[in-house]
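Residue numbers (our numbering), protein chains in the order written: chain A, 46 to 493; chain B, 46 to 493; chain C, 404 to 905; chain D, 404 to 905. A quick write-up on the structure given underneath.
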Amino acid sequence: MASPHPYIPATEADRARMLERIGVDDLDALFADLPAAFRDPAIDLPPALTEPELIALLADRAAENAAPSRPNFLGAGAYRRSVPSIVSHLVSRSEFATAYTPYQPEISQGTLQSGFEFQSVVCELTGMDVANVGLYDVASATAEACLMASRTTKRQAAALLELIHPGTAGVVNTYARGAGLRVDVVASPDELSDEHACLVVQQPDFLGTIVDLEPLANAAHDVGALLVAVADPFALGILKAPGDAGADIVTGEGRDLAGAPAFGGPSLGLFAAGLPYLRQIPGRIVGRTKELHAPDDGEPRTGYVLTLQAREQFIRRERATSNVSTAQALIALGFTIAVQALGPQGLRQSAELCYQRAHDAARRISALPAYDVPERGPWFQEFLVRGPMSAPELSAALSEREITGGLDVSNRLEPEARDALLFCVTEATPDAHIEALIEALAEIGDEV
Amino acid sequence: MASPHPYIPATEADRARMLERIGVDDLDALFADLPAAFRDPAIDLPPALTEPELIALLADRAAENAAPSRPNFLGAGAYRRSVPSIVSHLVSRSEFATAYTPYQPEISQGTLQSGFEFQSVVCELTGMDVANVGLYDVASATAEACLMASRTTKRQAAALLELIHPGTAGVVNTYARGAGLRVDVVASPDELSDEHACLVVQQPDFLGTIVDLEPLANAAHDVGALLVAVADPFALGILKAPGDAGADIVTGEGRDLAGAPAFGGPSLGLFAAGLPYLRQIPGRIVGRTKELHAPDDGEPRTGYVLTLQAREQFIRRERATSNVSTAQALIALGFTIAVQALGPQGLRQSAELCYQRAHDAARRISALPAYDVPERGPWFQEFLVRGPMSAPELSAALSEREITGGLDVSNRLEPEARDALLFCVTEATPDAHIEALIEALAEIGDEV
Amino acid sequence: MTAPGPRREDFGARLSIDRSVPGRRAVDVPAWHGSKTSLPDSSLLRDSLRLPEMSQGELVRYYTALSERNYGIDSGTYPLGSCTMKYNPKINDLIASQPGFADAHPQARAEDAQGTLRTLLELRRGLAEVTGLPHVSLAPAAGAQGELAGVLMITAALEERGELATRRRILVPDSAHGTNPATAAMAGYTVTHLPTAENGSLDRATIEQELDETVAAVMVTVPNTLGLWEQGIEEVAGLIHDAGAYLYADGANLNAIMGRVRYGDLGFDVAHLNLHKSFSTPHGGGGPGAGPVCCTEELAPYLPTPVVEECADGIVRLLAPERSIGQLQQFHGNVGVLLRAYAYLRALGLDGLRAVSGQAVLNANYLRTLLHGHYDLPYDRPVLHEVVFSGSRQRRQHDVRTYDIAKRLIDHGFHPPTVYFPLIVPEALMIEPTETEPPEAIEALADALIAIADEAAEDPDTLHGAPWSAPIGRLDETTAARRPVLRWQDVKVSETVSRLSR
Amino acid sequence: MTAPGPRREDFGARLSIDRSVPGRRAVDVPAWHGSKTSLPDSSLLRDSLRLPEMSQGELVRYYTALSERNYGIDSGTYPLGSCTMKYNPKINDLIASQPGFADAHPQARAEDAQGTLRTLLELRRGLAEVTGLPHVSLAPAAGAQGELAGVLMITAALEERGELATRRRILVPDSAHGTNPATAAMAGYTVTHLPTAENGSLDRATIEQELDETVAAVMVTVPNTLGLWEQGIEEVAGLIHDAGAYLYADGANLNAIMGRVRYGDLGFDVAHLNLHKSFSTPHGGGGPGAGPVCCTEELAPYLPTPVVEECADGIVRLLAPERSIGQLQQFHGNVGVLLRAYAYLRALGLDGLRAVSGQAVLNANYLRTLLHGHYDLPYDRPVLHEVVFSGSRQRRQHDVRTYDIAKRLIDHGFHPPTVYFPLIVPEALMIEPTETEPPEAIEALADALIAIADEAAEDPDTLHGAPWSAPIGRLDETTAARRPVLRWQDVKVSETVSRLSR
Ligand SMILES: Cc1ncc(COP(=O)(O)O)c(C=O)c1O
Ligand SMILES: Cc1ncc(COP(=O)(O)O)c(C=O)c1O
């Protein structure tokens, strides 16, 4: 071993001293168990970089992505949000960032108490009774919801209402395969039967439309199935809490409120459910308790611990509710702080602002001669745009003008989506970007 | 008062309750002493911005500066350095950033112990006995050095050796005017007389040349004057400590090792001196001490306090060694961490790398047909370049190619500077920028 | 000299909602000045939302105070066995938070995300080199999801072979992490537990006995959770393959062997890695992590979607393997964590990786040596990255449990090691110092554990009551589970109930 | 139940250099692969450099631990009078650290720095509006340097008037901050102290008496350091001007009156502001700050260089006023702090500034009311931003000094207020809550101070020994000054000495 790397304290002298104390001649002796035939293979890795070299390399790489300043109207599961500035500051405090799962509650109250705050916030937003401290992302959380519905209803099929995010549907399918669950994509609740453990519905749906959950809940309950609502927690700033509309399980994606889209991850799966399902919930749960012994100066004080662990893999092993262990705690912290910083008024105002700005942009686009914004009902922040050419052509024309247009959904079956791009405008889309878009669309329209 | 601002907790209801308790009808009553004739004048300020609006505005502003990625060869007092990544992380910890001068040492050991570390580091680098916790910047520190030299020698003139940074000379002049000190700019130590309290010399000098301090110290001492060395702490990674060459006071600029140039500030004035001058030093000094009482579990423990405060304005008032109060503590912390992260080897290697890269670039430029790099002796990171046209023209030609060339020093008296730009290349100048420069210079040369 | 301070605050009793004052707020939202669209029908809207109302400064203080009630790697030694709590280089966070990376949209065209994609491609290649398994998907969000991916890939392969209906068992050593059996179960398999032999490795005889045409796979942790090399694993691999089953490596302990031996070379078919462990991305109080899954040529077609590939046109793209088991994440995994891992890999290079595994192993053995004789060592041989002691002697002789020892260690300024795992070691103390602890820290940890062993004999009550110096005393975990209070609402309810019942 | 923890570490005894191990390092420096230039003659080079050698993780832990031994605004109430310790919005730091701002080179052409320059221009304009003094230089690095600038501007004006030789005195109230007389002295003036009248304002008679043709200026802090309005200052301004002298405003307490009354309107000629106080940029443990100097038309030609101006071509530039007193900084001042102050100004607007001053004053009066009767109040009238109590009663009756009260407040979780200042109040306790403290915090502070007043009577020794719960006990400041140990080297030396002298 050469002289130490900055990440490794022990020096050659340290090592010599330690080896001597251990009583072996060299480091190799400690690896003696490793099969000689396979020891120290040729491994082709680029040479080590010093910190300045690493910074330079990755600054160049970051610059190979589209510039962050480029107008971008993609949504479809990842939304640019105005995240309060205090979030990044607090989340980067190393006491939070460099801890692990709070196995030792007495020195992990920061993680635990914030976990309790998170659960509370998720329950308030979703209108549910209980929540865990978060799963990987909305899709895996929804998959876990289907498994949980199957466990509690003892049924082996899950129904997904058509307009669910394809990524979410994909993950449900992956998990279902392992669990031996059949997945039916249904166009309407009429297709539900008593084979279905649950009906999964996305709010707003994949094309941005706000869904009336109540009839769906009723339809699901009528066949003895649970309603799983996959809800955008930001939209819940104005939309009815799914719990109040009859949902039994609510999942959601918390990433965007906690920080930047980061090419999709780290993400954060929200998972909340009704009290009856408490002991079936996957993942970790924080509970409130007291000190066992009163301190000298008074009553036992309040603290937080991981609880109901008999559900979990490290105790229950193959009979656990899920295999999840490491989840997304730090993102959950960011989510909690962001929601609490906005507060009840701020979250509502922010969601309303998003709504107004998106509708205003849609109105301006639909007013352009060659464009059409087909509506499918009330919607939140995403809308379809049909232009004077095919969707891929429109997308390419915008790209040429250094604008990232909406997602191409022209291959979907919904009639409104035919030939359309799915645009997203949020409270955080800069005005200048919208102006640039309108101008570019007008230009493109003129040129045809 | 309207509903509260996010920075102000008290609500209308809080205020009503507080006013009632105070026993006044309204807030105006508390301002009753203010002269009515001048109350509540018209004040023209732009309307308040919410956080997202503020971020958007200032992101636009930041983009109106030259792009950070633009090749830039300015030095002349501000140098791009490879600052270790841990610095920004640690300095932004709010326990450091949001504290003030450590008047209450028992809950300010973080600031104080780091101040002691800073003093130690500055002493080691400069080769001096004692240092304070920092002054505003190199220039004001040098001005304070002249005042201190005047106080201790009881002489009323300071001599500046010609090649001092004009900004530093400027500040010395400003301070000297108040103190009634004459400032002589001297071309050689031969011009010193027994009227001079000190000789001030910059290392490396304003045109980048490394100065042999020893003969200058001797010359100053011969007339009973002190030698004040204004040294680049980074260059001291390889250069002889001024103290070892006979300097009595050493000042320097610490900003660049602590972080980004930030258009020149926040800056950090280093100030160190020989032990005889201890009680004449301006600014705060941290000292080591012990607890007054031993705790239950053993010996009194070690702590740090502001000390020798009888020098300072808040005690000594008009007889203080300086009026300085708030200084640059957080930048001093960054400086300390950066120097300690580099360590003795790293600082030397980094300074050597800077030296090698600058010399390599200079060699390549001087190899270009139309260019000349006049040398004035051994130098560190800055060099003069004369091109095929006048200095301002060359600068403009580079600017047209999106390159910020060296500083125009063509109006200086030194013969080597005539028609020249002062270029700077450091360990942190990207290779690609140097390539771009060489290419641009060659092109410009070809075009003439 | 000590005198009473004022009573310590019951900090945990005052949650954000208890600090809320109607009308306060921490941020303002811009007003909308454009023309207004009416909101959807009120039946679709919420009436109220209960969230705390605090000013910005109050909220910052609250979470700053919470952070101060937490212990992280930057606070001190954190020797949780199996968790690889090593120093997290700050540069990794800075790199991942660059706007070019952080603002990339997951639905962006590949052409607009080449910076991220090329970095992921190189990470993929690096992991393939390090594991000797040439194909990699970076999608899994953590180790457990990597396991699920790996097992589902085996499922897919068996299906293709037409053997899925018969091969319904997965063999898992009794020393395995709980995620292994839980994963096997989630993937629809029955779990058969394999006993650990006296030398700490798998019992070869049992394996041979269990291996038949009902076995789909064997999941082995290498090195295992005792910190020991799985002796003869390369031969076991042959047996497993002969029996038509697959060999899965739980690579959570890769840090012990990085650069020294590779799963692929040993005969493993598929492995997952824990980048948040071996590759030092911060653990974040329980994530985010990243658990890439690596496999042989044979299993490559089944890798989870997406896989990052350089296409013929030089553009790096995210592709779906032809017979992929499907997606694991709505998008492409915990990319921010992957960027950090890449930065770590590049900061180290091969020599650095070898230095890491070498020092990790040296540190564990140093600790083993220093503590030798003070605690029982059920598997008394040189270890790799971690060492598992047992508190059995203390339990037997002084009625002091490992739980007490762990709590007392807090008073000495250390985060306790993993306890009661692996399950096969009674009163287990599973200690993983990692390579980033200096020898002085390991010595101090050993000294503390030795002092505690002495205390167990002399003053067991001090251990029973520990910790004494933490922000809060030992907590009542039983009541927490028995009468769960899981959110603000419950607090109110349970307080009302207890007030009424007085 | 308490039981002894292990002995608390003597953390302060182990500095970085004591943790150093030869060969360790925290960062690597890139190698140079180009052709090598030989170094200068060795007589110009250093042989050795003593600095600590630590790994990156160790260094991060050391400074993290140090931070945990510090109390900041984010830790809790920090009511240092005259220092305006208010919440520092995080957004300000994020804005200043944007690469576009942070990487700007101070020697850049104005055309290449318009983003920074335009922002500074708007800050300048905002400060002119707020102070009613139309001309501003942002150069001064802190309040004290702003004072020096202001006084030197007066010097320059007097010189121009040919009166510099005769006007050699500056009048300074006895309640002034130490920087005021120190500044006057640095600028070469003699200081005459003005007594404070019983109402807490300047004694008009003395001023009239002192004002003559030897007076260059009167420096007044408005509001003053008692937290009181300087009664009749607008009339005093007339007297001063009639006597041919200038009136200087120490604007460190602007936060009390922002948006409500302006120095310019009152007749002040020149003022400095403390942006790190009134405008909430972080105090950084003692800086950086920023102390802009603002003045009338008459004094504008003398402003320090640079002044930021919009030129006819629409470009904003840094200019030197025609008869400028010169430069105060090598470059252009603490620009990063100025950017933060601008962000604060824009976040508030006029209504916000008025809300700030209103709430700051309300909070101080609330505290005054809550503590009324518990501590002596030498100037018993409504206050502005701060209130100055006296611990005289406690001193007299219980031999408890303000020093003890301050230390005991630490045990209650608060940073103590400013003590023993202003000098005219014996045993002064100068408390400035600021507008960012919620009423609950002010009530808690008052409760703590009342509890301490009770304790002074009942158990003075607890106060004498305080603090009991801080990271370290009361420190021996006398020995620190008497036998100064000011750096590592001294530690070794003094330890050697003490070892030898045993
Ligand atoms: C040996 C082992 N396998 C698997 C896992 C699961 O990894 P993760 O927590 O990332 O899901 C862990 C850690 O938790 C582990 O230690
Ligand atoms: C009233 C008053 N004047 C002047 C100053 C000096 O300001 P600074 O510390 O920024 O130099 C201060 C604070 O220290 C002050 O409180």
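The beta-carbon is built from N, C-alpha and C at its ideal position, and this holds for glycine as well.
N- and C-terminal bounds of the alpha helix (DSSP H) containing residue i
i, result
"D:Tyr705", "Premise fails: D:Tyr705 is in no alpha helix (DSSP H) and is neither H nor E."
"B:Gln401", "374-411"
beta-carbon residue i near ligand 2 non-hydrogen atom, thresh 7 Å
i, result
"D:Asn677", "yes"
"B:Thr371", "yes"
"D:Ser767", "Looking at the sequence shown, residue 767 of chain D is not Ser but Ala. Every heavy atom of ligand 2 is 7 Å or more from the Cβ of D:Ala767, so no."
"D:Cys486", "yes"
"D:Gly694", "yes"
"D:Ala547", "yes"
For residue i, the first and last residue of its enclosing beta strand (DSSP E)
i, result
"C:Asp864", "Segment 863-868 is the alpha helix (DSSP H) holding C:Asp864; no beta strand (DSSP E) there."
"B:Thr347", "347-352"
"D:Pro576", "572-576"
"A:Arg227", "227-231"
"D:Met622", "618-624"
Contact check, residue i vs residue j, beta carbons under 8 Å
i, j, result
"D:Ser470", "B:Gly179", "no"
"B:Asn110", "D:Asp515", "yes"
"D:Ser458", "A:Ile53", "yes"
"D:Ala646", "D:Leu614", "yes"
"A:Arg181", "C:His686", "In the sequence as presented, Arg is not what sits at residue 181 of chain A; that position holds Tyr. The answer is no: Cβ separation not under 8 Å."
Residue i beta carbon near ligand 1 (any heavy atom closer than 7 Å)
i, result
"C:His580", "yes"
"A:Gly179", "no"
"C:Thr558", "no"
"C:Asp653", "yes"
Cutoff 8 Å; reference residue i; Cβ partners in own chain excluding five residues on either side
i, result
"C:Gln855", "The sequence given here places Ile at residue 855 of chain C; Gln does not occur at that position. Closer than 8 Å at the Cβ level, and outside the excluded window around C:Ile855, lie Ile808, Arg811, Leu812, His815, Leu866."
Same chain, Cβ closer than 7 Å to residue i, five either side skipped, listed in chain order
i, result
"B:Glu140", "Gly155"
Proximity test, residue i beta-carbon vs ligand 3 heavy atom, cut-off 7 Å
i, result
"D:Thr624", "Summarising the ligand content, the structure contains ligand 1 and ligand 2 and does not contain ligand 3."
Cβ neighbours of residue i in the same chain (closer than 6 Å, five flanking residues each side left out)
i, result
"D:Asp421", "none"
"A:Val167", "Ala176, Leu315, Ala317"
"A:Thr474", "none"
Ordered list of beta strand (DSSP E) runs contained in the region 798-839 of chain D, each at least 3 residues: Here the runs fully enclosed are 831-834.
Length at least 3, wholly inside the region 448-473 of chain A: the beta strand (DSSP E) runs in chain order: Complete beta strand (DSSP E) runs here, min 3: 465-469.
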